[in-house]
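Engineer:
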Amino acid sequence: MVNPVMSDSGDYEDEWKNYFKRIISNNENYIKSLELFNLEDIILSHNTESSKAEDFEYFLSLFDESKENSISSVIYKGIKYIYVREIRDDNDSNVLIFMTTENNEEGKKTCAIFNYIVDTDLLIACCNSTDLSLVLKAISDASKEE
């Protein structure tokens with residue numbers, strides 16, 4: 011995986027889009043198996059291999075008092091995404107789960123891809139909020155071509 015750096019134009023590097031295209035094509039069935047379920051207007055990406063109850067328990071565990079997690083949001087292409095970030099120290103954190111409040115196909119696909127990547131690529135999980143917007147752009151561009 012290439013480092014998440016912007017090119018001189020302020021856009022993401024081409025390697026990012028190619029990386030996400032490979033992830034999408036290599037994991038197409040898994041990504042399509044993800045469903046959305048609505049939890050008080052927060053729409054979670056849900057893998058059909060696990061139960062909604064298991065996913066709900068995981069979601070609740072993110073807010074355990076013993077953990078220093080923060081919840082943030084970003085709006086990309088008019089879709090609001092919410093993510094939970096685990097804070098380990100002042101300079102170390104990573105995204106644990108990525109959700110949306112919008113019930114549409116683009117939001118669903120973006121959440122599915124992002125959550126798959128977060129589980130497999132620590133570099134993306136640790137991206138800061140500036141890089142997160144570039145990640146969303148690269149995912150969106152890559153998924154259009156599939």
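The numbering of the sequence shown is the numbering used here, which starts it at 11 and goes up by one. For every residue, glycine included, the Cβ atom is placed at its ideal position computed from N, Cα and C. Computed from a predicted structure; not experimentally measured.
1. In whole angstroms, what is the alpha-carbon distance linking A148 and W26?
2. Nearer than 8 Å: is that true of the beta carbon of S150 relative to any heavy atom of the ligand NAP?
3. Kindly give me the distance between the Cβ atoms of S153 and I127, rounded to whole angstroms, as I take these residues to be in contact under 8 Å.
4. What's the gap between the Cα of V84 and the Cα of L142?
5. Please work out which residues of its chain come closer than 6 Å, Cβ to Cβ, to F30, disregarding the five sequence neighbours upstream and downstream, and give them in chain order.
6. If you draw a straight line from the alpha carbon of L106 to that of I81, how long is it in whole angstroms?
7. With distances taken from CA atoms, which of Y93, E116 and N36 is nearest N79?
8. Specify the secondary structure class of K90 as computed by DSSP and reduced to three states.
9. Between which two residues does the alpha helix (DSSP H) harbouring N36 extend?
10. Is DSSP giving N114 helix, strand or coil here?
11. Do you know offhand how far Y68's Cα is from I97's?
Structural biologist: Quick look at the numbers:
1. Within the sequence shown, numbered from 1, the residue matching residue 148 stands at position 138. Within the sequence shown, numbered from 1, the residue matching residue 26 stands at position 16. Cα atoms of A148 and W26: separation of roughly 6 Å, rounded to the nearest angstrom.
2. Within the structure as shown, the ligand NAP is missing, as the structure has no ligands at all.
3. Here residue 153 corresponds to residue number 143 of the sequence shown, with the count starting at 1. Here residue 127 corresponds to residue number 117 of the sequence shown, with the count starting at 1. Not confirmed; about 12 Å, so no contact.
4. In the sequence shown, residue 84 corresponds to position 74, counting from 1. In the sequence shown, residue 142 corresponds to position 132, counting from 1. Each residue's alpha carbon lies about 8 Å from the other.
5. Position 20 of the sequence shown holds residue 30. A distance below 6 Å between beta-carbons, with the five flanking residues on each side excluded, links F30 to the following residues of its chain, in chain order: A148, I149 and A152.
6. Your numbering for residue 106 matches position 96 in the sequence shown. Your numbering for residue 81 matches position 71 in the sequence shown. Straight-line spacing of the CA atoms in L106 and I81 works out to 10 Å.
7. Residue 79 sits at position 69 when you count from the first residue of the sequence shown. When only C-alpha atoms are compared, the closest one is Y93.
8. The residue you call residue 90 lines up with position 80 of the sequence shown. Note: K90 maps to strand in three-state DSSP.
9. Position 26 of the sequence shown holds residue 36. D24 to N36 is the span of the alpha helix (DSSP H), which, as asked, contains N36.
10. Mapped onto the sequence shown, residue 114 falls at position 104. It is coil, neither helix nor strand.
11. For the purposes of this step, residue 68 is taken as residue 58 along the sequence shown, with counting starting at 1. For the purposes of this step, residue 97 is taken as residue 87 along the sequence shown, with counting starting at 1. So the two alpha carbons sit approximately 17 Å from each other.
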